[in-house]
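Have a look at the structure below before the remarks.
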Amino acid sequence: MRCLGVDPGSLACGWAVVERFGSRLTLVEAGVIRNPRGTDFDQRALLIHRRLAEAIAAHHPGFMAVESPFVEKNAATALKLGQIRGGILLTAALHGLPVGDYNPMQVKKAVSGYGWADKGQVGKMVMTLLNLKEPLAADAADAAAVAIGHLLASRRV
0 MRCLGVDPGS
10 LACGWAVVER
20 FGSRLTLVEA
30 GVIRNPRGTD
40 FDQRALLIHR
50 RLAEAIAAHH
60 PGFMAVESPF
70 VEKNAATALK
80 LGQIRGGILL
90 TAALHGLPVG
100 DYNPMQVKKA
110 VSGYGWADKG
120 QVGKMVMTLL
130 NLKEPLAADA
140 ADAAAVAIGH
150 LLASRRV
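Take 0 as the starting number for the sequence shown in numbering that gives the first Met the number 0 and just add one per residue.
And the structure:
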């Protein structure tokens, strides 16, 4: 079973395809979709859609798992992140992928066993669980953690 994990962001959107075979987890591919500052917002959303569509076409995941945002104090930032998430969910729907939605605490608990783990702890656990020799970029590691969390949760169902 393959899952495309996504850590939404308008400037840096992490993604990772993780595969589970029995109890073994393997990283298929991961990356960060980077939008330069000053890029029109609609073009940022379009680039994220295109890159995720490319990852779906290349790796054929059966699910998409998306991290939900923490409560944002800045309303304008929250609105933009919500728009990006909407585009990501539309990409999943256009490709027929069911979506799992996970808050940051759920992801941290699934990967590290502790809902208040910091980014460094989560990154190290992602390396351990996927048997990686080198760490992933922070946004890609977060996306891998979301995918791992989904795959581990779906195993219990």
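Note that beta-carbon positions come from the ideal geometry of N, C-alpha and C, so glycine has one too.
- Look at the beta carbons and you see the segment 142-153 touching the segment 105-117: at least three pairs across the two are nearer than 8 Å.
- Rounded to the nearest angstrom, the gap between the Cα atoms of LEU88 and SER9 is 14 Å.
- VAL121 has its alpha-carbon roughly 10 Å from the corresponding atom of GLY114.
- In the three-state scheme derived from DSSP, where H, G and I count as helix and E and B as strand, ALA15 is classed as strand.
- Apart from the 5 residues on each side of it in sequence, ALA44 sits with its Cβ closer than 8 Å to the Cβ of SER9, GLN82, ILE83, GLY86 in its chain, given in chain order.
- C-alpha of GLY95 to C-alpha of LEU131: approximately 30 Å in a straight line.
- DSSP places MET124 in the uninterrupted alpha helix (DSSP H) bounded by 118-129.
- Ranked by how close their Cα comes to the Cα of LEU51, the residues THR76, LEU3, ALA75 have LEU3 in first place.
- Here THR127 is exposed. Its C-beta has fewer than 16 other C-beta atoms within 10 Å.
- Here ARG36 carries a coil assignment [DSSP, helix/strand/coil].
- Taking each of LEU24, ALA116, ILE55 in turn and checking the Cα distance to ALA92, the smallest one comes out for ILE55.
- Separation of the CB atoms of VAL125 and ASP100 is rounded to 20 Å, and the pair is thereby denied contact status at 8 Å.
- Taking all protein chains in view, the Cβ of GLY21 is surrounded by fewer than 16 other Cβ atoms within 10 Å, so the residue is classified as exposed.
- By the neighbour-count criterion, in which a residue is buried when 16 or more other Cβ atoms sit within 10 angstroms of its Cβ, MET63 is buried.
- Between ASP117 and GLY13, the CB-CB gap reaches or exceeds 9 Å.
- Out of VAL98, ALA15, VAL31, the CA that lies nearest to the CA of LEU24 is found in ALA15.
- Taking each of ARG1, VAL17, MET0 in turn and checking the Cα distance to ALA139, the smallest one comes out for VAL17.
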